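Participant: Below: one structure in structure tokens.
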Amino acid sequence: MKHKRNVAIALVLSAAAGFLALQNVSAPTPDTAPPTAESIVTEPPVTEASVPEQCAYTWAYQDAPELTQKLDAAVKALNPDASGRAQLFGENCGYADGHSTFGVMETDFYVRSPVNDLTDEEFLGNWVAQIMPIVSKIPREEIKGNYGFVEFSNADGQVFIRVPIQKYMNEAQGKTGAELFRMFSNAP
6 MKHKRNVAIA LVLSAAAGFL ALQNVSAPTP DTAPPTAESI VTEPPVTEAS
56 VPEQCAYTWA YQDAPELTQK LDAAVKALNP DASGRAQLFG ENCGYADGHS
106 TFGVMETDFY VRSPVNDLTD EEFLGNWVAQ IMPIVSKIPR EEIKGNYGFV
156 EFSNADGQVF IRVPIQKYMN EAQGKTGAEL FRMFSNAP
């Protein structure tokens, strides 16, 4: 009996913690403009005569081809062997009849480059310092939802750093080399 009670308490506490974490993550901060409501409808929209139906939410990603083209061209101008892409992160709202809508929460960017030495913090930080101004200068109206992150990986796909865009804009502009790398690396 005690075991069931403890399990029930643990489930309630976990659910409450998850709810609070989601509230804190999605709360707008004074430094950021509130995201605009944007939806991409995959089927015809619900008409006024129809009854609103419930949907099931799932995390989802969608490509952002225009931003990908812009980022990739800028990255390749710095290093022809590197590449960049953009992706929208949000939620799909799936309805019983099979159609769904996508709500954008943030725009994320991914940069892949031929980096062999993942211990050279000075080189890696300088590479990040070349890319971040490119992303930071993308007009705000082209960024769907909130600012996400820029994830840097080597040619093998090994991630070596993930930089939250808003944090970079607030705290790291002008920093380079090892100082910039250490600011965002997960190393102790």
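The opening position of the sequence shown corresponds to residue 6 in our numbering, with each subsequent residue numbered one higher. The C-beta atom is built at its ideal place from N, Cα and C for all residues, glycine as well. All figures in this text were calculated on a predicted structure; none of them were measured in a lab.
1) Using 8 Å as the limit for Cβ to Cβ distance, is E146 near chain C?
2) In the DSSP output, what is N93 paired with across the bridge?
3) Roughly how many angstroms separate the alpha carbons of V80 and Q59, rounded to a whole number?
4) Can you look up I170 in the DSSP assignment and give me helix, strand or coil?
5) For Q74 and I139, what's the separation of their Cα atoms in angstroms?
6) Rounded to a whole number of angstroms, what is the C-alpha to C-alpha distance between L76 and G95?
7) I need the DSSP call for G182, collapsed to helix, strand or coil.
8) For E176 and P169, I'd like the C-alpha separation in whole angstroms.
9) Residue range of the beta strand (DSSP E) that E126 falls in?
10) If distances are taken between C-alpha atoms only, which option among E71, L72 and T112 comes closest to F65?
11) Using the C-alpha atoms, what's the distance from S105 back to S141?
12) Beta carbon of K149, beta carbon of V109: below 8 Å?
13) Under 8 Å by Cβ, that's how I've got N131 and T181 pegged, so tell me the actual separation to the nearest angstrom.
14) Should L185 be labelled buried (16 or more other beta-carbon atoms within 10 Å of its own) or exposed?
15) Determine the closest residue to F157 out of F189, E147, A82 and Q171, with distance taken between C-alpha atoms.
16) Are there 16 or more other CB atoms within 10 angstroms of the CB of N151, so buried, or fewer, so exposed?
17) Out of S88, C98 and L93, state which residue places its alpha-carbon closest to the alpha-carbon of V116.
Facilitator: Let me lay it out:
1) Among the chains of the structure shown, chain C does not appear; only one protein chain is present.
2) Checking the sequence, you will find Leu at residue 93 rather than Asn. Its beta-bridge partners are Q67 and T112.
3) 42 Å
4) helix
5) 13 Å
6) 20 Å
7) helix
8) 11 Å
9) Premise fails: E126 lies in the alpha helix (DSSP H), E126 to S141, not in any beta strand (DSSP E).
10) Here residue 65 turns out to be Ala, not Phe, going by the sequence shown. Minimum Cα distance to A65 is reached at T112.
11) 31 Å
12) yes
13) 6 Å
14) buried
15) F189
16) buried
17) S88
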